[in-house]
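Asker:
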Amino acid sequence: MTNPGSGMKALAPPLTCTSTKMNLGLSDTLRWLDDIVLPHAPELARLAFFACLPHPLLTVARARLGDCGVGVGAQNCWFEGGAVTGEVSADLLAELGCRHVMLGHAERRRLFGEDDDLIARKVAAALDAGLVPLLCVGEDTRLGPEDAARHVVRQAAVLALVR
């Protein structure tokens with residue numbers, strides 16, 4: 001993408017997203033889409049906005065949003081298909097129309113013991129499936145500024161582990 005007349009490449013719009021976590025059920029999600037998201041879809045689409053939703057709501061939300069330019073992303077994925085009860089593969093998310101997936105969230109690290117190696121495998125699976133992985137980095141405990149910066153850099157280094 002080039003900025004006409006300048007000879008410089010124009011920057012892609014920043015990605016903007018929200019995660020509803022598990023705060024909204026089906027009816028509340030549909031109401032949120034109808035009352036908040038869809039009326040502002042043109043502006044949100046210009047911001048490359050998408051909502052990361054719980055897996056059961058992805059298909060219904062995609063159908064509700066149609067081709068308004070607002071996308072849906074997943075809150076997590078597993079790195080392979082097969083017999084892993086309760087998980088969703090990156091390939092299936094892509095098949096459902098997701099373009100993005102959040103990975104490495106502090107809650108998943110804390111509650112489920114997800115480590116850098118597992119997250120790297122998930123990032124690789126997301127990339128292989130054509131998804132854009134959103135690698136979440138941040139402190140999981142209160143740290144001073146220098147320690148927090150080191151911690152974030154260490155978490156971001158998970159990308160070097162991607163095979």
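Take 1 as the starting number for the sequence shown in UniProt numbering and just add one per residue.
Idealized CB from N, CA, C, for every residue including glycine.
1. Quickly, what does DSSP pair Phe79 with across the bridge? List them, please.
2. Going by alpha carbons, who is nearest to Gly81 out of Gly71, Glu95 and Ile36?
3. From this set, Gly97, Leu15 and Val152, which residue's C-alpha is nearest Ala45's C-alpha?
4. When the Cβ atoms of the stretch 63–77 are set against those of the stretch 38–53, are three or more pairs found closer than 8 angstroms?
5. Chain D beta carbons: is any one of them nearer than 8 angstroms to that of Cys52?
6. Would you call the CB atoms of Leu47 and His100 closer than 8 angstroms?
7. Just confirm the distance between the C-beta atoms of Val137 and Val152, as a whole number of angstroms; I'd bet it's less than 8 angstroms.
8. CA-CA distance, Asp128 and Ala83?
9. Taking Leu118 as part of the alpha helix (DSSP H), name the residues at either end of that continuous run.
10. State the CB to CB distance for the pair Ala106 and Val162, rounded to an integer number of angstroms; the pair is presumed to be in contact (CB under 8 angstroms).
11. Please classify Leu143 as buried or exposed, where buried requires at least 16 neighbouring CB atoms within 10 angstroms.
12. Around the C-beta of Ala63, are 16 or more other C-beta atoms found within 10 angstroms, so that it is buried, or is it exposed?
13. Quick check on the burial criterion: 16 or more other C-beta atoms within 10 angstroms. Buried or exposed for Met102?
14. Return helix, strand or coil for Ala74, following the three-state DSSP convention.
15. Could you give the DSSP three-state label for His100: helix, strand or coil?
16. Look at Cys98 and Ala61 and say whether their C-beta atoms are less than 8 angstroms apart.
Answerer: Based on what the coordinates show:
1. Within the sequence shown, the letter at position 79 stands for residue 79. The partner list for Phe79 (beta bridge, DSSP) is empty, contrary to what the question assumes.
2. In the sequence shown, counting from the first residue as 1, residue 81 sits at position 81. It is Glu95 whose Cα lies nearest to the Cα of Gly81.
3. One-based indexing of the sequence shown puts residue 45 at position 45. Looking at the Cα atoms, Leu15 is the closest of the given residues.
4. Taking 8 angstroms as the limit for Cβ pairs, the verdict is that the stretch 38–53 does touch the stretch 63–77.
5. In the displayed structure, chain D is absent; only one protein chain is listed.
6. Taking the sequence shown and counting its residues from 1, one reaches residue 47 at position 47. Taking the sequence shown and counting its residues from 1, one reaches residue 100 at position 100. Their beta carbons are not under 8 angstroms apart, which means Leu47 does not touch His100 by this criterion.
7. On the sequence shown, position 137 is the one that residue 137 refers to. On the sequence shown, position 152 is the one that residue 152 refers to. Indeed they touch by this definition, with Cβ atoms about 5 angstroms apart.
8. In the sequence shown, counting from the first residue as 1, residue 128 sits at position 128. In the sequence shown, counting from the first residue as 1, residue 83 sits at position 83. C-alpha separation (whole angstroms): 20 angstroms.
9. Numbered from its first residue, the sequence shown carries residue 118 at position 118. Asp116 to Asp128 is the span of the alpha helix (DSSP H), which, as asked, contains Leu118.
10. Taking the first residue of the sequence shown as position 1, residue 106 is located at position 106. Taking the first residue of the sequence shown as position 1, residue 162 is located at position 162. The Cβ separation is near 20 angstroms, so there is no contact.
11. Here the question's residue 143 lines up with position 143 in the sequence shown. Exposed, by the Cβ-count rule.
12. Stepping through the sequence shown from its first residue, residue 63 is reached at position 63. Counting Cβ neighbours within 10 Å, Ala63 comes out exposed, since fewer than 16 surround it.
13. Within the sequence shown, the letter at position 102 stands for residue 102. Classified as buried, Met102 has 16 or more neighbouring CB atoms from the shown chains inside 10 Å of its CB.
14. Here residue 74 refers to the residue found at position 74 when the sequence shown is read from its first residue. Ala74 falls in the strand class under three-state DSSP.
15. Taking the first residue of the sequence shown as 1, we reach residue 100 at position 100. Looking at His100 - three-state DSSP - the assignment turns out to be strand.
16. Here residue 98 refers to the residue found at position 98 when the sequence shown is read from its first residue. Here residue 61 refers to the residue found at position 61 when the sequence shown is read from its first residue. In this structure, Ala61 does not lie closer than 8 angstroms to Cys98 by Cβ.
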